[in-house]
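Asker:
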Ligand SMILES: [Zn+2]
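In my numbering, the protein residues as written are 120 to 519.
Now the structure itself:
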């Protein structure tokens, strides 16, 4: 017996707009930036009024006002109406997430810093036509369909990445619900010199090519700060930084996809240390690349495991690096160095990261296996009850 369920899958294709299309897309981006900032200002003004006079415009209110606004501003009217309303829906989502304390407040969109996408949310207004995408008002966009679409196409988003353009198409795909898999189980400890270590005894090294790119990135960033502000050479140096950033992101994503796919294939349950999401939002700049890598890794593992009926479990990480996986004794002295662990109580020896992974595995086994989705809250609760202070990790420079 199996049931069919609908899932959303995104497909991303490189598109090659003509020069005229690029010019129009750039004009649209300016118009959307204006619309976003105007709508955000309207919301902020509503919030600033005295308590009993506060009025929060909903996405619905703001979409209704679009008609009048577009009649007055022809350059805004050039952007397809659906694309404008979708932007207001996205702003509303960002606003709600902020109120639910899931994210920071939505920011002003600034030219040169923020890239806006154009989302056509209704499947009837755009279509895939052979190896072309037809987008309202733009017409035909030459597209490289490097893999076939699956299921029913729903939305299409055009977005710039540096000087390259992409179309992201979200489809509804019918898949059979996978049987529940509750094993084998593996725990992964986040490493410092390495990307991580598994309780099976494997070390996962950071990819070499990514480390090389990170060095090049730092070099290129220094070059920008040496150039005179507003000069042509500074612009060129900035473009180089943007290109290396894109390369770093792609190399990192490739590595994370490969690792998470491998683990989700070979294991039914993967245990990770509890991610401190609130702390990550506050975040330190120097660690942002490392944190982004690890939280993306967790996210990929979560959905890839869900596809195959497995689950991701998060356990508290407190003192996992000082706990012996053989006898459970907690002592800071057991951690001899960054990589060596020797228990002061029973003499057990192991690589420090491998030992920590085994500790995480033991914690997951002890707490039982919470169902997917509840794992995070369950882990959060148990940490509060124990009342441990999580020791701060040293700064990571070479990690992802
Ligand atoms: Zn021991």
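Quick reminder that beta carbons are idealized off the backbone N, C-alpha and C, glycines included. In this text the structure is predicted, and so the values were computed from the model without any measurement.
With distance defined between alpha-carbon atoms, name the residue in 414, 365 and 470 nearest to residue 317.
Answerer: Along the chain shown, one-based indexing puts residue 317 at 198. Residue 470 is the option with its Cα nearest to residue 317.
Asker: Using DSSP's beta-bridge definition, name the partner residues of residue 128.
Answerer: Working through the chain shown from its first residue, we reach residue 128 at position 9. Bridge partners of residue 128: 290.
Asker: Name, in chain order, the residues that DSSP records as bridge partners for residue 242.
Answerer: Within the chain shown, residue 242 is the residue found at index 123, counting from 1. Partner(s): none; residue 242 has no beta bridge.
Asker: Would you call the region 153-163 and the region 214-232 touching, i.e. three or more CB-CB distances under 8 Å?
Answerer: Counting Cβ pairs under 8 Å, three or more are found: they touch.
Asker: Do three or more CB pairs link the region 417-428 to the region 381-395 at distances below 8 Å?
Answerer: The region 417-428 is in contact with the region 381-395.
Asker: Who are the Cβ neighbours of residue 291 in its own chain at under 7 Å, not counting the five residues just before and after it?
Answerer: Residue numbering aside, residue 291 sits at position 172 when the chain shown is read from its first letter. Once the five neighbours on either side are set aside, the close Cβ partners of residue 291 are 125, 127, 270, 271 and 273.
Asker: Do residue 445 and ligand 1 come close, with the Cβ less than 8 Å from some heavy atom?
Answerer: Here residue 445 is taken as the residue at index 326 of the chain shown, counted from 1. Yes.
Asker: CA-CA distance, residue 233 and residue 443?
Answerer: Working through the chain shown from its first residue, we reach residue 233 at position 114. Working through the chain shown from its first residue, we reach residue 443 at position 324. Whole-angstrom Cα-Cα distance: 47 Å.
Asker: Within this structure, are the beta carbons of residue 353 and residue 343 separated by less than 9 Å?
Answerer: Here the question's residue 353 lines up with position 234 in the chain shown. Here the question's residue 343 lines up with position 224 in the chain shown. For residue 353 and residue 343, yes; Cβs fall inside 9 Å.
Asker: If we ignore side chains and look at the alpha-carbon of each, how far apart do residue 295 and residue 418 end up?
Answerer: Counted from its first residue, the chain shown places residue 295 at position 176. Counted from its first residue, the chain shown places residue 418 at position 299. So the two alpha carbons sit approximately 22 Å from each other.
Asker: Would you kindly report the start and end of the unbroken alpha helix (DSSP H) that includes residue 473?
Answerer: Position 354 of the chain shown, counting from 1, holds the residue named residue 473. Start and end: 471-485.
Asker: When the Cα of residue 176 is compared with those of 208, 459, 326 and 199, which residue comes out closest?
Answerer: Counting from one through the chain shown, the residue named residue 176 turns up at place 57. Of 208, 459, 326 and 199, the residue nearest in Cα terms is 208.
Asker: Just checking residue 467 against ligand 1 - is the residue's beta carbon closer than 8 Å to any of the ligand's heavy atoms?
Answerer: One-based indexing of the chain shown puts residue 467 at position 348. Within the cutoff, so yes.
Asker: Can you tell me whether residue 460 is buried or exposed? The criterion is at least 16 other CB atoms within 10 Å of its CB, across all chains shown.
Answerer: Looking up residue 460 in the chain shown gives position 341. Label assigned to residue 460: buried.
Asker: Is any non-hydrogen atom of ligand 1 found closer than 8 Å to the C-beta of residue 462, if you look at the structure I gave you?
Answerer: Taking the first residue of the chain shown as position 1, residue 462 is located at position 343. Flag set: Cβ of residue 462 near ligand 1.
Asker: For residue 317, does the three-state DSSP call read helix, strand or coil?
Answerer: Residue mapping note: residue 317 aligns to position 198 of the chain shown, counting from 1. Correct three-state label for residue 317: strand.
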